[in-house]
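This report concerns only the one structure given below.
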Amino acid sequence: MSTRKSRCLVRGSINIDEFFHVNEIVRPGETISPHELERRAGGKGANQAVAVCKAGCEVYLVGAVGDDGRWVVGYLNGVGVNVDGIAVVQEPTGRAIIQLAKDGENCIILHKGANYASLPSSNIPLLSTFTHLLLQNEIPFEETVDYLSGAHGSGVATIFNPSPMLSDQQIQTFPWEKLTWLVVNAGEAEHLHGKLANISAGPEFETAQKEPSRPAMSTTDHAMHLLELLQRQLPLTVNIVCTLGPVGVIALLPGLPKPGAATPLHIPAAKLRGPVLDTTGAGDCFTGYLVAGLMELYEAGASIYSGENAFRCLRRAVEAAGLCVQRRGAMDSIPLRNEVENSQ
């Protein structure tokens with residue numbers, strides 16, 4: 002039996018989420034009043050760190066808050082996240098202004114705040130002491146690349162969730178070859194495929210592409226086809242996972258033995274026992290639980306590419322996200338491990 006210990010480093014954002022509960026998302030030129038206002042801890046980095054922690058794994062978060070965000074650090078510490086890498090800086094804590102409609106859909110405006118502040122060297126841990134690195138795109142791009150490069154050079158498994166989406170220039174310069182796992186939603190996968198196709202075809206092709214882009218994914222078959230196209234544009238070592246909301250999740254893992262490698266793995270969405278209340282944190286919940294599953298496989302000395310390991314790992318993450326959308330909030334809605342296991 003393996004005695005290896007896994008540790009996850011999350012370098013990411015920490016925000017204060019301000020939820021404006023509305024009947025419908027405001028339209029251009031319209032002024033509306035919310036029927037409720039809530040303030041909660043958030044940020045994609047913090048959310049995903051909490052998900053890893055609630056899934057039962059050790060996680061260390063590196064980030065920054067202003068003096069107004071000390072209560073967020075206390076909340077994270079209370080959940081079980083290691084907060085030794087969080088600095089309190091002069092800039093105000095990052096903010097997410099979230100409109101949350103009755104049907105659970107949301108619209109978000111981000112203010113970077115302290116997430117773009119320089120961190121003291123004492124807050125930057127030794128990457129080689131971790132087994133997994135989890136990154137998003139709410140901190141400076143240069144730091145994302147630096148952490149990714151350092152982790153890759155130390156043999157650390159790297160997971161990247163490009164949300165918010167990278168700019169065209171960042172897509173072109175991103176070191177995809179240093180990435181182990183790419184986690185995207187349907188729209189992000191579509192965007193990445195289109196931009197990478199333009200880059201490979203050259204500037205003449207990009208200039209000529211004036212017709213409207215293809216419609217967003219609406220079927221599993223289309224999503225699977227798109228994922229296969231995206232895989233051809235990325236290094237063969239990159240595992241791609243794409244969330245499809247109510248359709249579930251698909252994954253393309255190059256290491257799966259054939260015929261599994263020829264066809265993406267589809268995990269249907271969880272069966273909900275109640276209405277969808279809030280989708281804000283579902284993607285972060287899924288990603289954190291996925292990483293926790295990878296960490297557990299590492300500790301067991303097991304491969305994601307053998308037997309039913311990939312299916313079980315993804316299935317639990319899907320179930321966790323299903324519970325998440327039936328609750329309010331982003332971080333607060335992430336379920337505990339035993340809740341997920343009892344729901345399966």
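The numbering used here applies: residue 2 is where the sequence shown begins, and numbers increase by one. From the three backbone atoms N, C-alpha and C, an ideal C-beta is built for every residue, glycine too. Everything numeric in this text was worked out from a predicted model, so none of it was measured.
Taking only the alpha-carbon atoms, compute the straight-line gap between residue i and residue j and give it to the nearest angstrom.
| i | j | result |
| --- | --- | --- |
| Val-341 | Gly-30 | 42 Å |
| Leu-254 | Val-239 | 8 Å |
| Gly-275 | Val-319 | 16 Å |
| Ser-307 | Arg-40 | 43 Å |
| Arg-71 | Ile-17 | 11 Å |
| Trp-177 | Ile-33 | 43 Å |
| Ile-251 | His-223 | 11 Å |
| Val-351 | Leu-120 | Given that the chain is displayed from residue 2 to residue 345, the structure contains no residue 351 and the question cannot be resolved. |
| Gly-246 | Leu-295 | 22 Å |
| Ile-241 | Pro-165 | 17 Å |
| Arg-12 | Asp-147 | 11 Å |
| Gly-43 | Val-53 | 14 Å |
| Tyr-76 | Arg-316 | 28 Å |
Ignore the nearest five residues each way along the sequence and tell me which others in residue i's own chain have a CB closer than 7 Å to its CB.
| i | result |
| --- | --- |
| Cys-325 | Gly-282, Ala-283, Cys-286, Ser-334, Ile-335, Pro-336 |
| Asp-68 | Val-89 |
| Gly-105 | Val-277, Leu-278, Asp-279, Thr-280, Val-326 |
Where does the unbroken alpha helix (DSSP H) through residue i begin, and where does it stop?
| i | result |
| --- | --- |
| Leu-291 | 283-301 |
| Glu-139 | Note, Glu-139: premise wrong, no alpha helix (DSSP H); not H, not E. |
| Asn-107 | Unbroken run through Asn-107 is the beta strand (DSSP E), 107-112; no alpha helix (DSSP H). |
| Ala-52 | 45-55 |
| Asn-339 | 338-344 |
| Val-80 | 71-80 |
| Thr-221 | 221-234 |
Could you check where the beta strand (DSSP E) with residue i kicks off and where it finishes?
| i | result |
| --- | --- |
| Ala-88 | 83-89 |
| Phe-20 | 16-22 |
| Gln-100 | 95-101 |
Counting only the same chain and skipping the five closest in sequence on each side, list residues whose C-beta sits under 6 Å from that of residue i.
| i | result |
| --- | --- |
| Ile-305 | Leu-298, Ala-311 |
Any heavy atom of the ligand COA inside 6 Å of the beta-carbon of residue i?
| i | result |
| --- | --- |
| Pro-276 | Of ligands this structure carries none, so the ligand COA is not represented either. |
Counting only the same chain and skipping the five closest in sequence on each side, list residues whose C-beta sits under 8 Å from that of residue i.
| i | result |
| --- | --- |
| Leu-38 | Glu-19, Phe-20, Phe-21, His-22 |
Cβ contact (3+ pairs, closer than 8 Å) linking the segment 288-306 and the segment 53-61: yes
Whole runs of the beta strand (DSSP E) within the segment 157-207, excluding any shorter than 3 residues: 158-161, 182-186
Validate contact between the segment 128-137 and the segment 145-152 using beta carbons, cut 8 Å, 3 pairs: yes
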